[in-house]
Each structure stands twice: as C-alpha cells, then as structure tokens.
Amino acid sequence: MANDRSFADPLSSSVLFTAYDLKRGLGDLLVQRLPYIALPQVLHELTHQWCFNSVVGRAITYLLFRAQREAALGDPKKRVWRDANRAETIQHILLPLAEGMALFAEHDLYPGSVESTSRPLLACAPLVHFTLSDPQKPRPKWDNLTEKLLAARMRSAHRDRKASLLLEPLTSHASPYGLGYLTIKALQVQGAQREQRLLDSDLFLQVIHGYFYEDWGLVAKLLAEDSANEDDAPQHLLRYLGTRLDRFAQSIDSRAIDAFIDRCLNHSKQRPIFECEVNGLDYSFWVDEFETSPVNEGRSKLTALMQDALDLLAINDGRLENLVPTQLFINASAPLITLGGADVVARRLPHHLMLMMNDAVPSAILPYSGMLPVGWEGTLRVVAALIIEHASHIVLMFDGEKLVGNVGFDALRKRLPDHQNHLDLIANPMLDPRERSEVGSLLREVIQERVGDISVRCQDEIGYEIDSIYLSAFEFMHGHRGAAASIIATLPRHTLLDLLNNNVELAESAALASLLSASPVMLSRSPTDPAKLNEHITIVNRQLAPLFGFPPIAVSQTNDLLYSAV
Amino acid sequence: MGDDVTFEIGGLTRIDAARLRDGSGVTLREASLPQGTYGEPVTFTMVVTVAALSTLAAYLLRKHQGEEFVDEITVTHPDGRREHRRVHWTKSAVEAPESSIVKAIMGSLPI
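Heads up: the sequence lines are chains H and P, in that order.
Throughout the first sequence, residue numbering follows the numbering used here, covering 148 to 713 in sequence.
Throughout the second sequence, residue numbering follows the numbering used here, covering 22 to 132 in sequence.
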C-alpha cells in the first residue's frame with residue numbers, strides 16, 4: 148500500500164488512500180478519530196468526491212451510465228460513442244481544475260471566518276480528536292482542526308509533497324497538477340483583488356466549486372443535442388471553459404458573495420434543490436451554484452438523462468441484469484467515501500466483539516449484541532467510510548455478504564428515518580475500496596468493447612490546447628496573453644524548478660513559505676532559520692516574478708507571510 | 022549474486038527524486054494510476070542494487086528524520102522471487118546511521 152498512489156475513481160465513486168493503513172489505525176477509527184497526519188490527503192480526496200457529486204460531476208457520471216447500458220444493448224440509438232466521448236473529453240478538460248482544487252484543499256484549506264463551510268471540511272471536522280487543555284475552558288472544535296491541519300502540513304513529508312508541486316511540468320499533457328494548482332492560486336489572487344474575503348481559503352474553495360462545478364451552463368453544453376457537429380464538441384467545451392476562466396474575476400463582487408453564502412446557509416430556504424424522480428424513487432440533490440441561472444436548459448437535459456441512466460425497469464433486459472444493480476449501488480454510494488478496507492481477524496465474546504490487528508495485539512474490543520454467535524471466530528471485512536453530506540463516520544463489518552456489526556451506522560439510521568432504502572443499498576461489501584476500483588475498470592470495459600478507448604483519442608486531440616486556457620488565469624498580471632506560455636516553452640522541463648536554477652533548497656523554502664502563509668494561525672517557533680527563509684523568499688520572488696508578472700510570495704514590511712501564488 | 026539482488030521502496034515524491042539526481046545505481050520507476058482515475062501527484066519507486074544501498078539508507082534516514090523507524094521494502098532475489106520485508110531500525114550509539122540502516126535492510130542476505 149505504501150508504494151501506491153492514492154486515487155479517486157469518478158466512475159465507481161471509490162477512493163483508495165495510502166495516507167495510512169486502516170488495519171493499524173482501526174482502533175482510532177472505531178472511536179471516530181482520524182489520524183491528524185491523514186487530514187491533508189483526506190481533504191484532497193474529499194474535494195474530488197465533492198466535485199463528482201456536483202451537477203457537472205453527475206452529468207458526466209450519468210452520460211457514462213447511459214453509454215454503458217446502450218453499449219451492452221448493442222448501441223441501438225447510435226450514441227454510445229457520443230456520450231462516452233463527451234464525458235471523457237470534459238473530464239480531460241477539467242482535470243487540471245479538479246486536481247488544482249484538490250491540491251488547494253490538501254495544502255491551503257483551513258476553517259474560515261464565514262458561517263458557511265465547505266463539504267470536505269465539514270466531513271472531516273467530527274473526526275478530529277478533541278482534547279481539553281483546560282477543563283474549565285473548552286476550546287471550539289474548529290480551532291482544534293486548524294491546529295491539526297497546520298501540524299500535519301508542517302511535517303517534513305508534507306512539506307516535500309508541497310515542494311514537489313514546483314517540480315511538476317506546467318503542461319497538461321505531462322501533468323495536470325502544477326498547472327491546475329497554480330491556476331487555482333491565480334484565481335484566488337484575481338478574486339481577492341475584487342473581494343478580499345476570498346483570501347479565506349474555505350470561502351474561496353466553495354466559490355470555485357459553485358462557479359465551475361455547479362454550472363448549469365456547462366451541463367447544457369455537455370448535454371446539447373448537436374450530433375451533426377460532434378467532432379467539434381471538444382472545441383466547444385474547451386472554449387466554454389476558457390470563457391468561464393476568463394470571466395471568473397468579473398463575476399466576483401460583494402453582493403454576489405453575500406448572496407452565495409446566504410443560499411448555502413439556507414436560512415431563508417433559498418438553497419436551490421434539483422428535484423428528480425425516476426421510477427418513483429427520489430434522486431433530488433442540493434445545488435450550490437455561485438451564479439443563479441434562470442435558464443432551464445441544463446436542468447431539463449439532466450432530468451432527461453437521469454431518466455435514461457437510472458431507469459430501474461431496464462433490469463428486465465437480461466443483458467443489463469448485472470449492470471443496472473451495479474450502477475444503482477454506485478449512485479447510492481456516491482455521497483460517501485471509504486477511508487479504507489481491511490480483512491481483520493475477529494472473535495465474538497459474550498458481550499463484545501474483539502478485532503485483532505495481529506495475532507498478539509488487539510485493535511479494539513467493542514460492545515456487541517449482533518448476529519454473530521458467542522464463540523465465533525473468523526475474518527471480517529471491515530470498511531470505514533465518511534458520509535459527506537451528513538458529516539457522519541461509519542465502520543461496517545461484513546462476514547461474507549452479511550453486515551454483522553457496525554459503529555455509527557445504527558445511529559445514522561435513527562437520524563435519517565426517511566433514508567432507510569438508501570442506507571440498505573450502501574450497506575454492501577462492495578463499498579470496500581479494494582473492490583470498488585475493480586468495478587470502475589469493468590464498467591469502462593463495457594464501453595471500450597463497443598467503441599474502443601476514447602480516453603487516449605481525446606488526449607491526443609486537445610492536449611496542447613488545454614494549456615492555453617489555464618495559463619490565461621495566471622497571465623492576468625502580464626496584460627497580454629501568451630506571456631507565461633512563452634516563458635514555459637523555453638524551460639527544459641517546463642517546471643518552476645527550472646526558473647529556480649534547479650536549486651532544491653529554494654523549492655523547499657518556497658513550499659514552506661507557502662504553507663505558512665496559508666495558515667490563519669502562526670507557529671510559536673519557526674521550523675527553519677527565519678533569516679535563511681527570508682533570503683530564499685527574496686530569491687524565489689526575483690526568479691519567478693517574470694512568469695507571474697509579480698513576486699508570487701507576498702511578505703509584509705514586518706516579514707509576515709501574507710500570501711503565496713505558488 | 023549480491024549484484025542481482027535489488028531493493029525497492031515506493032512513495033518517493035518528485036523532490037525526493039531530485040535529491041537523488043546524483044546517485045548512481047539507482048533506478049526510479051513512476052507509479053501509475055488506474056485508467057480514468059483522479060490521483061495524487063506522481064510518486065516514484067526507487068530500485069537500488071546492493072552497491073547503492075547507502076542511497077536507500079540515506080533516503081530512509083531523511084524520510085524518518087533520523088529517528089527510529091519501521092518501514093517496508095521489497096527485495097527481488099536473483100531467482101525472481103519477491104519478498105516484502107519490514108525494516109526496523111533503531112539508533113546506535115556506536116555505528117554511523119547509514120551503515121546500520123544498510124545492515125538492517127540486508128538482514129540475513131550476504132553482501
């Protein structure tokens with residue numbers, strides 16, 4: 148596990164973490180404590196999940212669901228290629244943005260000062276161990292989360308992850324990470340110039356998510372029925388996103404931000420809900436759009452798509468009898484992420500269940516009155532998950548296919564009496580991320596067998612054009628397009644490290660300065676020599692300013708770190 | 022026979038790889054992502070021969086900030102057999118850290 152990369156699969160809604168080993172951390176998770184060192188990576192993957200569950204994310208998923216069903220039926224309406232191509236193309240175009248947002252959550256996101264909170268932070272907050280330093284004066288949980296995040300980000304392993312972003316090639320076909328992250332940081336600078344509240348990382352991430360991923364205009368574009376010019380679809384989608392990136396700053400003003408926060412908080416019942424029923428089942432969901440749109444084209448097209456993609460009656464066709472339940476499970480489990488799955492030896496005691504990390508050391512002994520008989524010994528599949536919308540943490544224990552024990556799930560059932568069918572669907576050993584990622588691969592094969600590998604084709608066709616729309620976001624200070632692109636083209640590896648003359652120490656200092664500037668609390672002691680850090684910041688600013696059009700690390704006259712664009 | 026044995030460890034970042042730039046006897050392999058997934062930035066697996074074990078030791082020393090550690094490596098033997106090995110190192114008062122880490126890695130393998 149330590150050798151793999153963590154990932155999130157939009158198709159199967161699965162997430163595989165490498166931040167920690169579930170078996171070793173099982174004891175903590177059973178009492179709902181997330182190891183603080185895992186917080187940044189959890190926020191990264193939660194942000195991906197948040198985007199998968201947006202209107203844009205759902206439109207992509209349902210396009211693929213429909214393509215899978217029609218591929219299995221022999222493509223009767225001749226639109227498998229079109230649906231799959233659109234879904235793959237928009238995912239490819241959005242990839243730098245998606246990774247940029249996730250990296251922002253990983254390195255920069257902290258609880259902010261506005262009342263509305265982003266989903267990733269909401270989901271993490273209950274899991275941070277709460278300690279009382281002074282029994283007479285309990286401290287708010289949010290302060291604890293801020294401190295845990297700062298502590299996690301100051302670890303050398305995390306600082307290395309941040310510094311590595313300066314070594315990412317700034318071309319999307321090589322890597323979406325550096326380009327995407329710098330774009331997000333540039334959008335924050337642009338937005339904060341018009342409304343300083345956007346320096347609040349939590350508010351900013353919510354605005355970005357609402358602006359790009361809860362965009363009915365993009366949904367309408369994605370689902371447009373213009374099959375005569377299907378070859379032009381990638382260009383249309385590229386141009387649309389390019390316009391959105393260019394227009395972001397213009398859309399920011401104080402009133403728009405206030406209205407957005409009010410809608411998210413829903414004090415006046417203004418929070419938009421998208422209502423959709425298929426076969427008598429309710430598939431409604433909240434939409435936290437940044438700009439409210441009176442145009443209904445996107446909504447009506449998504450409704451029609453969901454009727455096709457989630458139709459239960461299709462199961463009557465023998466060719467879909469396995470596919471339809473799989474898709475329904477994926478859809479039902481989309482609002483949660485699994486933190487890990489492990490096979491754990493267990494023993495049923497008279498009033499408890501003992502779970503063993505290894506043969507010698509018990510991981511946990513839980514009160515238990517479930518279906519396993521006293522004296523039972525065996526291996527249970529244990530899955531820990533976060534249900535994002537309800538900020539709930541659950542641990543499920545399966546003996547084969549049967550759910551035989553849980554932590555938190557029974558309480559969740561009591562809290563959500565109207566969601567029993569949905570909760571029944573997700574109490575499934577397929578939640579185990581080791582299984583779910585296999586499901587994603589199998590679903591992709593259904594389409595590939597019909598129309599070939601679309602992902603490779605779309606990357607070849609539009610790879611280089613994606614760079615220019617993203618680079619325009621951090622060319623805004625130059626005053627003319629192409630300035631950043633022309634600099635990057637001259638660099639041997641297209642990385643910021645090239646501009647720093649391959650000086651790894653400078654990259655390390657830039658990363659540390661950036662992490663410190665993002666934190667709303669200060670460290671009592673600098674992790675490095677302050678004089679050396681200041682000297683390096685001066686050099687970094689001088690060497691990177693030509694690319695950004697301004698010194699990217701802002702320092703006050705008293706040497707306080709204010710902001711970093713890297 | 023010693024030269025045919027290799028040792029691997031994964032999870033190296035780009036900056037780890039940059040620090041290894043001048044190390045010989047070291048191969049870096051990029052960790053891949055399953056198709057269609059959104060993953061964390063690229064990480065690498067470092068593969069070293071016995072001759073370059075000091076490079077692996079230096080990496081582990083830095084990774085764990087000079088403190089006692091337990092980490093996992095993969096040993097590929099000359100016959101192709103792959104062994105997952107847990108390396109446990111504690112600081113020694115008498116021996117230099119890198120050489121004692123090399124010994125911990127080698128375990129019972131002859132050099």
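Using N, Cα and C, we set each Cβ at its ideal position, and we do this for glycine too.
Query                                                                                                                                  : Result
Contact list for Gly57 (chain P) against chain H, beta-carbon separation under 9 Å                                                     : Asp156, Pro157, Leu158, Glu235, Gln238, Gly587, Ser588, Arg591 and Ser602
Contact between the region 481-494 of chain H and the region 525-543 of chain H (3+ Cβ pairs under 8 Å)                                : yes
Beta-carbon spacing of Thr66 (chain P), Gly46 (chain P) below 8 Å                                                                      : no
Cutoff 8 Å: Thr64 (chain P) Cβ touching any chain H Cβ                                                                                 : yes
Inter-residue Cα distance where the pair is Asp307 (chain H) and Ala185 (chain H)                                                      : 15 Å
Interface positions of the region 73-93 of chain P facing chain H (Cβ-Cβ less than 9 Å), listed along the chain                        : Arg83, Lys84, Gln86, Asp92 and Glu93
Under 8 Å between C-beta atoms of Leu314 (chain H) and Leu644 (chain H)                                                                : yes
Chain P contact residues for Ala245 (chain H), given Cβ-Cβ distances below 7 Å                                                         : Tyr59
Buried versus exposed call for Gln127 (chain H) [16 or more other C-beta atoms within 10 Å across all chains shown]                    : One cannot answer for residue 127 (chain H) here, as it falls past the ends of chain H, which runs 148 to 713.
Run of the alpha helix (DSSP H) containing Asp645 (chain H), from where it starts to where it stops                                    : Leu643 to Leu646
Backbone CA spacing between Tyr324 (chain H) and Lys561 (chain H) [nearest angstrom]                                                   : 42 Å
Leu163 (chain H) burial status per 10 Å Cβ neighbour count (16 or more: buried)                                                        : buried
Host beta strand (DSSP E) of His537 (chain H) (start-end)                                                                              : No beta strand (DSSP E) contains His537 (chain H), which DSSP labels as neither H nor E.
Backbone secondary structure at Phe697 (chain H) - three-state DSSP                                                                    : coil
Residues near Ala479 (chain H) in its chain [Cβ-Cβ closer than 6 Å; skip 5 each side]                                                  : His569, Leu572 and Ile573
Per-residue burial, Gln196 (chain H) [other beta carbons within 10 Å of its own, 16 or more giving buried]                             : buried
Cβ neighbours of Gly587 (chain H) in the same chain (closer than 6 Å, five flanking residues each side left out)                       : Asp156, Leu158 and Ser159
Contacting residues, own chain, Cβ-Cβ under 8 Å from Ile404 (chain H) (five flanking each side not counted)                            : Glu342, Arg344, Leu345, Leu350 and Val354
Collapsed DSSP secondary structure at Glu622 (chain H) in the structure displayed                                                      : helix
Identified DSSP bridge partners for Ala511 (chain H)                                                                                   : H:Leu502
Beta-carbon contacts of Leu326 (chain H) that lie in its chain and below 6 Å, excluding the five residues immediately before and after : Pro243, Leu317, Ser319 and Tyr617
Residue of H:Gln704, H:Gly696, H:Asn706 and H:Thr705 minimising C-alpha distance to Ala712 (chain H)                                   : H:Gly696
Buried or exposed (CB count within 10 angstroms, at least 16 for buried), Lys225 (chain H)                                             : exposed
Gly357 (chain H), DSSP secondary structure in three states                                                                             : helix
CB contact below 8 Å: Ser661 (chain H) versus chain P                                                                                  : no
Distance between Thr64 (chain P) and Gly32 (chain P) (C-alpha atoms, nearest Å)                                                        : 5 Å
Own chain residues within Cβ distance below 8 Å of Thr642 (chain H), not counting five before or after                                 : Leu313, Leu314, Glu315, Pro316, Leu317 and Gly325
Arg233 (chain H) to Ile399 (chain H) span [Cα, whole Å]                                                                                : 29 Å
Short Cβ contact (8 Å threshold) for Phe621 (chain H) with Ala333 (chain H)                                                            : yes
Close Cβ partners of Val275 (chain H) (< 6 Å) along its chain, the five nearest in sequence each way excluded                          : Asn291, Leu292 and Lys295
Chain H residues whose Cβ lies nearer than 9 Å to that of Asp37 (chain P)                                                              : Asp307 and Ser311
Unbroken stretches of the alpha helix (DSSP H), 4 residues or longer, contained in the region 198-281 of chain H                       : 202-219, 227-254 and 266-271
Residues, ordered as in the chain, of the region 192-207 of chain H that lie near chain P by beta-carbon distance below 7 Å            : His195
Residue-chain proximity (Ser510 (chain H), chain P), Cβ-Cβ < 8 Å                                                                       : no
Interface residues of chain H facing Thr34 (chain P) [CB-CB closer than 7 Å]                                                           : Asp307, Arg308 and Ser311
Three-way DSSP call (helix, strand, coil) for Ser415 (chain H) in this model                                                           : coil
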